[in-house]
Amino acid sequence: MATTEQKPKVKLYWLEQSRAQNILWLLEELKIDYEIEVFHRNKQTLLAPPELAKVHPLGKSPVIEIFPTGSGESIKLAESGYMTQYLCEHFGQNTNLIPKKWKDGQEGKIGGETEEYSRCQYLLHYIEGSLLPVLTMSLVIGALKSDNVPFLVRPITSVVANRIYSMVIFPNAKKHMAMIDQMLETSPNGGKYICGEHLSAADILLSFALIAAQPRFDGLGSWPGGSAKAAHPRVFEYIERLKKEPGYERSAQKIREIDGKFEATISKIASQSSSSHGFISEVLYDGKWPKLPEWIATAGTNGRDSGPLNRRAFLPLSAAFPVTPRRIFFATSSKSLQPANAPEGQTNAMLASRTVCAQCRSRLLAGAATIGAVRPNSTTSFPPAAVDQPSRNPKSKAPRPPTRKHKGSGNETAKQRVLDLFEETVSKQPAPATPSNGPGVNQLYSLTDELSQLLQQRQKQKISDLEFATQAYTFITTKLLVAAQKSGVYLPQVTTTIASQALQQITRIKFATIEAADLPRTVDICKLYTHINNKRVVRRLELINGLLRSIISSRADPENQAVEDRLLEDLVECWKHFSGLKRADSGLESDPVFWLTSRRDLLGTERPDRLLRALFPFFAANETSGLGPALVATYVVLSESKHMISKARLEAHPLLEALDPIVKQFDKDMLQELFRDHAEVWSYVQPRADWRVTRVAPGTWKELDTASPGKPDQAKSAVRFSYALWHRRFETVFRANDTAAIQQAWRDLINPANDKDRTLRLQSSPDLFDYILFLACSKYGLGASFSKLTEEILAYMKTLGMAPTVRTYTSMMSGWKEARRLEPIENLWKFITNAGVKLDQQIWSSRISALGLLGGEHDGLGALREMDRLWNMAVNNGTQGKAVEPGISNVNAAISGLLRRDNMEVIRTVLDWATDKGITPDIYTYNMLLSRMLKRGAHEEADRILASMKTAGITPDGATFTVIMEAALSDLPDQTPQEQRETMDRVFSEMAACGIEPNQESYGKMLHVLVRAGDSGKHAVAALLSHLRASRLHPSTEMCTMLVEYYVNRSRPDLDSLRALVADRRARTRALTDRVFWESVIKNYHRAGDLDSALEVVYDLDDWGIWPGLPLLDPLLRSLVHRQDFEGAKKLVDTVRKQARPQAADKAGRFSKHGFWAFAHDYGLLPGQEEA
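Just so you know, we're using the working numbering here: the sequence shown kicks off at -2 and counts up by one.
Here it is, written out as structure tokens:
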């Protein structure tokens, strides 16, 4: 055996915060005798010391020098990948750092390499050639936004940097993370390393890139789940695993012994990158690429402060110049880069001036544009600033209006003009750049030609209008947009032009043939415009007004009720899309909600257009032409009595609630000016604008002071605190995302003008605070106001002496879970555990479920194990009262979160853990798993679950068979009537085989599933009712109520079946005591157009002393007046007026102030009005 002196020696030239750490770890794994020569960066510039240039011409690190035995010459190696391969080939024969090369029996054959070896070889080149350039570019481009860039130039360079981030860096970073995640998931033999079961050279070389970038990934952009760790938990677990490797720890300890400290990341470099531009250029490019032009970093400073204007550079650009990032493509031009060896005198001449001449300005713009084309080849940290993404960042602000000019000195005025000019320029959205040529772009041009040919065929009348509209819409959504998404480029200008022409033709055809159900909805056309870079507000208003005209014209045909309902639902969805146009995602995949802003401070103004426009503050006044007529017409259409209980009106509730106090401030004469250019719509609105004009005060929502004058003893009892009113109010304003109304509601709740005992009332309503906290936390991330409200609520509770309970914390965690925010959940958990709060099963379940859904794949199971550990510790200490024993509800919480991620492997691990702990799955566990398996089509797994239930002695319940029936009827529209009946027979046969006899509850759950299918499930419904009658059971009240809704909601209301159901119900009940059912009958009779039958039930209920609410009777009264049946209307008013309702005694209460009485008064239906 050779002695130590006979072995080759290795010397590593190590530089702090560089990839030399990879090589040091490799040397530890290879167990080579080595020595280290340490180099430090310049503390001011962070550049490598000039001594390194004596080691290697490029003056970079890492470099190794090998001293072979028996030779006087040494070997110097550079480049991490080459050094790694060389060292492993010569010193790693007895290690697993380079996996086994050949499969058994395949030696020397093409394709005979093992998967482990092929992976390792690929990764050794991938890391340096593909991954690190993306990470390097992020820091290089981040320098363009630094304070070191001159103030006048920085807006331009920052716009360029932001667009390169959103166009190149973040999309590529996501691709790389996804690939690494997939490679870890598919590691050979299920290994925990990227190339299999053993640590390889690829893991070591990959370590620096991932560990260095770990704290910087979130700054690149907005990741799914809120963070890079949430999006790729497997990768972050891998990073932590690498940090704990013995070789890595030994290499870190070696540096601590030599240098006194060790930094795992390059955060220091990133934090000082703005002042160390030369370091970025030198270190990141490793001397192989042209340096960034120094004159960009230092022009105008000359090494010293250049005056007040330059001091503004210390403010973040995004605070003064908010810019929406857009993808942009840059052409490479080598001439635009300043040569690294430029003459010093020339550079100093540039630095000596504080102004930029026209020639230099053009060079600057060209240099900024070509930065995106530079492909660096080394590793570094990420920039300290993230890409501006206002829609994701809670602290982002909308573009502020132009700064008002003030009188002052000439210099100040000039500077203000410069600031205004830059703010105006940067705030504008530039047109999307033309994408560079490539396979994806060529395919888009080809598809554009096909769409153009389709347009020509219509012009030549070779295809019908309906065929063209259907084919063109399908072509754009399924081919054109899909191709653009796959290629990763924006649509070329010619493509957007042709697509816009096609959409205009589709819109014309749709409004000309409005009854055609096969054509796309108007809201889908609005969303499609977003995908072709058209987010114009005016275009949406044109579509909405066109749809309104079609709705108005379709009303002439009474047979078109189904069409009108469909169009109204389309109209409401259009308004949702419109309200969120500049606030949220508005593409085809979006699920729009209302985004409205109430300006109660404007109520009382004489200009309806201003009030209506205030609902959408993100739109400029010149963008909202046609907004007022569209909103008023929508309000009038949806306020008609026949739409009172329609789906469209229910969905439009936030909009109508915001419009009601605005529209009713103006009569028809005051509104007519709005409709100057909309005569057709005005002809519809004018005769219906007969509401009583009311001036609404800002305190519309406030509780009324009903204390009677002169009766102070009644003052306290007169003010009634209604939990239900406040619950509904907060639910409404949060659903509308109306921050102004939310703040007003909170102020009204805690500081009423008429309730001196409000503090005492609120102290007895902790559930209300819990509910508001849940709502506020569920909006976490949509704006800073929601987080601030959460703090205000907790602070106010403290002033009331109300300490948050475990239920309060559970509500907050549930809200954050709904917002998909794991970080505040974990922060709250640390707080309550450190504070010693006594926990319960519910809060543990809430946390476990959130971790299973939002955290790492094993985080939910980890929380279960933590819960079990704390319980065992408490049992050993005799302090069981301070801990919670894990139960099946906690296991189910873990499973529910994992099911939504479709992670069956971890679910099996959770079930195995529960079995080991003696926790037996219950029926809820089995039902969850069964439902998931059936939805995935895994019928064999579902059969095994049912068999397991039988083995465990758990009897399937009605919910189990509801799950089975949902899966069996998933293709209900495609089943024939006979197949539907056979399916129902099979379900009941399975229940009988399991010894389950269906009861009314089981039948009710099944009916609930079937009625959702609408017309297509009518035969299955009939089969269910037949089984019900055969079992000698009668439909429950709940089932009858569902059937009422079902019969009326059919495409053609089935009044015969409804009347038969009502007659059967009357025959079997001596008294009409089922109030919910009969009120549903009244509502749906009226909805189906049978007003007389609805009134008959009203008068029958009156005979039995049951009085429907005024909101239900109000539409009936309006319908009677509409058909000019004033005698019937007066009879209804007299009937209600004579009813001895307790709330009617309060003449100033809500009952007496209901719109029912105002409408009756307007039409002279109250006693004594005839004589008047």
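Heads up, the beta-carbon is just placed ideally off N, CA and C, and yes, glycines get one too.
Would you list the residues sitting across from residue i in a DSSP beta bridge?
i	result
G193	Y190
Y10	E34, V60
K73	E62
W99	E110
Assign residue i to one of three DSSP states: helix, strand, or coil.
i	result
I29	coil
W220	coil
D385	Bear in mind that the predicted position of D385 carries a pLDDT of just 36, short of 50, making it too unreliable to give a figure here.
E110	strand
W1104	coil
W22	helix
R781	It should be noted that the sequence gives Ala, not Arg, for residue 781. In the structure shown, A781 sits in a helix (DSSP, three-state: H, G or I).
P918	coil
C357	Confidence at C357 is low in this model, with a pLDDT of 44, below 50, so its placement is unreliable and the value that follows should be read with caution. Three-state result, C357: helix.
P215	In the sequence under discussion, the amino acid at residue 215 is Asp, which differs from the Pro named in the question. Helix.
A645	helix
H1158	helix
S484	helix
I529	coil
A1020	helix
G244	helix
W688	coil
G1152	helix
Q90	coil
Using the Cβ count rule (16 or more neighbours within 10 Å means buried), how would you classify residue i?
i	result
R1115	buried
Q741	buried
A1085	buried
K285	Per-residue confidence for K285 stands at a pLDDT of 34, beneath the threshold of 50, marking its modelled position as unreliable; the derived number appears in the next sentence. Classification of K285: exposed, given that the 10 Å Cβ count is below 16.
H37	exposed
A944	exposed
W813	buried
T912	exposed
A1190	In the structure as shown, the chain begins at -2 and stops at 1169. Residue 1190 is therefore absent and cannot be evaluated.
Y1096	exposed
P230	buried
P1164	exposed
T796	exposed
P995	buried
A209	buried
G139	buried
Where do the N-terminal and C-terminal ends of the alpha helix (DSSP H) with residue i fall, by residue?
i	result
T912	901 to 913
Y1000	997 to 1008
N869	856 to 874
I951	Per DSSP, I951 belongs to no alpha helix (DSSP H) and is neither H nor E.
T802	Segment: none, T802 is in no alpha helix (DSSP H) and carries neither H nor E.
W723	720 to 732
K776	No alpha helix (DSSP H) holds K776; DSSP gives it neither H nor E.
L44	No alpha helix (DSSP H) holds L44; DSSP gives it neither H nor E.
F591	Element bounds for F591: n/a, residue is neither H nor E.
M176	167 to 182
S497	490 to 509
S143	That residue, S143, is in no alpha helix (DSSP H); it is neither H nor E in DSSP.
L746	736 to 747
Inset, instruction - Report yes or no: do the region 46 to 54 and the region 91 to 111 share at least 3 C-beta pairs separated by less than 8 Å? - result: Contact between the region 46 to 54 and the region 91 to 111 is absent: fewer than 3 CB-CB pairs across the two stretches fall below 8 Å.
Legend entry - Contact the region 566 to 578 vs the region 640 to 654: 3+ CB pairs below 8 Å: Put simply, the region 566 to 578 touches the region 640 to 654. At least three CB pairs are less than 8 Å apart.
Legend entry - Inter-stretch contact (C-beta, 8 Å, three-pair minimum) for the region 847 to 863 and the region 802 to 809: Inter-segment contact for the region 847 to 863 and the region 802 to 809 is absent: fewer than three beta-carbon pairs are separated by less than 8 Å.
Inset, instruction - For the region 113 to 132 and the region 193 to 203, state whether three or more C-beta atom pairs, one from each stretch, are separated by less than 8 Å. - result: The answer is yes - the region 193 to 203 touches the region 113 to 132, with three or more Cβ pairs under 8 Å.
Inset, instruction - Specify whether the region 1104 to 1112 and the region 663 to 671 touch according to this definition: at least 3 beta carbon pairs, one from each stretch, less than 8 Å apart. - result: In the pairwise beta carbon analysis, the region 1104 to 1112 is classified as not touching the region 663 to 671: fewer than three pairs are separated by under 8 Å.
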